[in-house]
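Undergrad: Residue numbers (our numbering): 514 to 738.
Idealized CB from N, CA, C, for every residue including glycine.
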Amino acid sequence: MLFGGRAGHSPAACAAGTVGRVTGLFVTLEGIDRSGKTTQARLLCDALGAEALAIREPGGTAVGERVRDLLKDPSLTFGPHAEALLFAAARAELCRRVIRPALAEGRVVVCDRFVDSSLAYQGEARGLGVDDVREINAWATEGLLPDLTIYLAVHPAAARARAGRNDRIESEGAALQEAVARAYDRLAESEPGRWRRIDADRPAEDVHADVVAAVEAARASAAAL
Ligand SMILES: Nc1ncnc2c1ncn2[C@@H]1O[C@H](COP(=O)(O)OP(=O)(O)OP(=O)(O)O)[C@@H](O)[C@H]1O
Ligand SMILES: [Mg+2]
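(1) Reducing DSSP to helix, strand and coil, say where residue 589 ends up.
(2) Give the range of the alpha helix (DSSP H) segment to which residue 694 is assigned.
(3) Applying the 10 Å Cβ sphere with the 16-neighbour rule, what's the burial state of residue 708?
(4) According to DSSP, simplified to helix, strand and coil, what is residue 667?
(5) Can you tell me the Cα-Cα spacing of residue 565 and residue 621, whole angstroms?
(6) Considering only their Cβ atoms, is the gap separating residue 541 from residue 627 smaller than 8 Å?
(7) Check the DSSP bridge columns for residue 624 and list the partner residues they point to.
(8) Span of the beta strand (DSSP E) holding residue 711?
(9) Near ligand 1, which residues have their beta-carbon less than 5 Å from any of its heavy atoms, given in chain order?
Below is the structure:
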């Protein structure tokens, strides 16, 4: 049955050193600005119904939302280290207070961005180094990784042509988006078991059908373990 039943334990999270057993399914959506992450997260949560928990990053907790306001404030400039640490701080709160408890209840957590955004933006595009950013995030999240990461792959020029906001990070322009797109390409290729690349330069309903299929497949493989 489509999205019926509860998922098995989370192999990726347990392999990464999760504190305690995880029983739900942790799905993240990644991609450059305006690739359609928020649109697809909403469509997926609508399809999943009550068992889904929708989360956006940075945010999702009282502390995280304050950090989000700081990071999105166009009047502020951050060094790359401070920016990466602020994202990790918001994520630490989110994992501990929201994501882990929801997974322990067997829910499907759908997160609009997660650690991989930090690897792509701060690690690669900002030049901090993927390994260092991965390390601080592994510490912040106590090793929690998604079971499935959906990469909404879209050409930066096509994404730019879509309507949307223009916050501090987005306003840095085309070069940043192109560097981030290359970073996502590399990340997805380096960990094919967790990532599912989906062509997002298509109507949202077609992208959604592939997202649903990817989540069903992840559930089936988690349940089989
Ligand atoms: N498949 C699609 N084709 C065309 N336009 C789309 C598609 N999906 C979303 N959009 C539109 O593109 C814009 C950006 O979509 P959305 O907000 O979902 O992207 P996002 O990846 O969450 O962006 P951001 O990184 O800024 O949060 C919105 O106006 C949305 O309606
Ligand atoms: Mg969004």
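TA: Here's the rundown:
(1) Looking at residue 589 - three-state DSSP - the assignment turns out to be coil, as it is neither helix nor strand.
(2) Element bounds for residue 694: 687-703.
(3) By the neighbour-count criterion, in which a residue is buried when 16 or more other Cβ atoms sit within 10 angstroms of its Cβ, residue 708 is buried.
(4) Reduced to three states, the DSSP call for residue 667 is coil.
(5) Roughly 5 Å between the two C-alpha positions.
(6) Residue 627 places its beta carbon less than 8 Å from that of residue 541.
(7) Secondary-structure assignment with DSSP links residue 624 through a beta bridge to 541 and 568.
(8) Annotation for residue 711: the continuous beta strand (DSSP E) segment containing it runs 708-712.
(9) Proximity annotation: ligand 1 has residues 546, 547, 548, 549, 550, 551, 552, 675, 676, 677 and 717 in chain order, each selected because its CB is closer than 5 Å to a heavy atom of the ligand.
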